[in-house]
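Numbering (the working numbering), first residue to last: 8 to 421.
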């Protein structure tokens with residue numbers, strides 16, 4: 008890597024890093040204005056069965072996360088600007104289409120387009136943030152602090168988005184979708200103006216030749232599988248949690264506040280948690296602790312579920328789940344992203360960043376369908392949540408080994 012675009016610690020973040028971090032904020036405002044309300048719309052307005060709702064949500068995640076490897080490879084080949092702009096344009100079309108979709112086939116088409124749009128712009132942005140974070144570390148900064156700021160920006164968007172969506176849902180779901188599309192129109196215009204044609208120091212490599220080495224990289228694939236278990240747990244914010252909130256209160260009106268709670272926790276606590284983890288935990292231990300917290304979140308609901316609490320009391324286990332899941336996310340996500348540059352060859356960071364999400368997207372696609380069936384199977388109420396609790400705990404064994412001296416700051420592991 009060249010040092011052309013490196014910012015000094017005194018200068019703080021470079022203009023490019025600031026733009027990319029603000030990009031994440033805008034992406035998530037538009038996205039989370041729509042997504043938390045999709046499952047209810049599919050069940051009530053479109054009339055889908057529970058397993059099909061779970062499949063469609065998993066399909067959305069797969070078309071996004073599962074195809075990140077495509078967007079990442081394209082970013083390595085052509086640079087981030089054309090890939091980001093194309094993704095924004097597709098996201099606008101997908102949201103408009105979803106707003107007018109009334110049948111299963113058209114909903115699936117819109118959801119696929121929405122997911123593929125993110126599969127273009129997200130790995131391009133994330134890989135460049137990771138590359139810039141490494142440069143920042145080489146200049147004396149901290150890699151995971153940059154990645155934590157990126158996470159905070161995303162969660163700030165995830166905080167504002169559901170509140171905006173809940174407000175617009177009083178009109179109808181179509182209005183929510185059109186508002187999300189409008190936000191991405193602004194994002195597209197802003198990036199067409201501000202995003203540089205070529206990022207200094209970023210190599211452009213051929214599309215061929217990187218995938219074979221990737222599939223032979225067992226340490227990287229192990230990281231992908233463990234990250235997939237985390238993402239499957241996180242995806243239950245949109246599948247299992249809405250069902251639990253509706254059972255407890257008779258509606259999903261409290262859902263927006265639980266999403267707001269999650270985002271507020273990340274916005275206020277992510278940087279302190281990252282500093283604490285960076286001083287005490289290696290990358291593997293940070294991810295293991297996060298996965299344990301996620302498992303504990305599901306266990307809280309499993310323990311309380313047989314009591315069948317309702318009303319405000321019934322929301323307490325859901326709130327506990329959200330808090331523990333969010334704390335786990337704060338440990339897992341920055342550590343996983345900080346690990347990827349150490350496992351990726353020169354010039355292939357986009358491909359590896361995309362592959363991290365692609366493998367986890369496959370896990371979520373399979374796991375979401377099974378979860379939807381599990382929730383509809385008429386089992387004792389604690390069973391689905393206990394099964395979900397076991398998944399992240401079991402994933403700890405998949406984490407690749409690293410030396411205890413490799414701290415969360417991103418020092419390369421063995």
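All residues carry an ideal CB built from backbone N, CA and C; glycine is no exception.
query	result
Own chain residues within Cβ distance below 7 angstroms of residue 365, not counting five before or after	72, 73, 74, 75 and 76
Length of the line joining the Cα atoms of residue 322 and residue 265	9 angstroms
Per-residue burial, residue 404 [other beta carbons within 10 Å of its own, 16 or more giving buried]	exposed
Residues that DSSP places opposite residue 309 in a beta bridge	None; residue 309 has no bridge partner.
Residue 154, buried or exposed, once every other Cβ within 10 Å from all chains shown has been counted against 16	buried
Contact between the stretch 163-172 and the stretch 80-100 (3+ Cβ pairs under 8 angstroms)	no
Inter-stretch contact (C-beta, 8 angstroms, three-pair minimum) for the stretch 119-132 and the stretch 90-107	yes
Nearest-angstrom Cα separation, counted from residue 298 out to residue 279	19 angstroms
C-alpha gap between residue 355 and residue 318, whole angstroms	51 angstroms
Of the listed residues 304, 145 and 232, nearest to residue 248 (C-alpha basis)	304
Nearest-angstrom Cβ-Cβ length linking residue 70 and residue 34, presumed shorter than 8 angstroms	At roughly 16 angstroms, the Cβ-Cβ gap does not stay under 8 angstroms, so residue 70 and residue 34 are not in contact.
Backbone secondary structure at residue 245 - three-state DSSP	coil
Neighbourhood of residue 422 by C-beta, 7 angstroms cutoff - its chain only, sequence neighbours within 5 removed	Here the chain has residues from 8 to 421 only, and residue 422 is not among them.
Local Cβ density within 10 Å of residue 147, reported as buried at 16 or more and exposed below that	exposed
Endpoints, alpha helix (DSSP H) assigned at residue 143	111-145
Where residue 8 sits in the DSSP three-state scheme	Confidence is the limiting factor: at residue 8 the pLDDT is only 39, short of 50, which leaves the residue's position unreliable, though a coordinate-based value still follows. Residue 8: coil per DSSP, three-state reduction.
Residue 388 versus residue 243 - alpha carbon distance	16 angstroms
Cβ-Cβ separation, residue 131 to residue 91 (assumed contact under 8 angstroms), whole Å	5 angstroms
Boundaries (first-last residue) of the alpha helix (DSSP H) holding residue 337	318-350
Three-state secondary structure assigned by DSSP to residue 41	coil
Closest Cα partner of residue 301 within the set 367, 237 and 42	237
Integer-rounded CB distance, given that residue 57 should sit under 8 angstroms from residue 369	So it is not a contact: roughly 22 angstroms between Cβ atoms.
Assumed close pair residue 32, residue 161 - CB separation to whole angstroms, cut-off 8 angstroms	7 angstroms
Buried versus exposed call for residue 117 [16 or more other C-beta atoms within 10 Å across all chains shown]	buried
Residue 397 classed as buried or exposed, judged by whether at least 16 other C-beta atoms fall within 10 angstroms	exposed
Terminal residues of the alpha helix (DSSP H) in which residue 162 lies	150-176
Pair within 9 angstroms by beta-carbon distance, residue 357 and residue 134	yes
Which of helix, strand or coil DSSP assigns to residue 225	helix
Check whether residue 183 and residue 110 have beta carbons under 9 angstroms apart	no
Top-ranked residue by Cα proximity to residue 330, from 360, 274 and 347	274
Whole-number beta carbon distance between residue 343 and residue 230, since they are thought to touch under 8 angstroms	6 angstroms
Whole-angstrom C-beta distance between residue 137 and residue 360, which should lie under 8 angstroms	6 angstroms
Residue 257, DSSP secondary structure in three states	coil
Reference residue 143, options 24, 320 and 281, closest by Cα	24
Closest residue to residue 371 among 333, 233 and 292 (Cα-Cα distance)	233
Cα-Cα separation between residue 171 and residue 395, rounded to whole angstroms	30 angstroms
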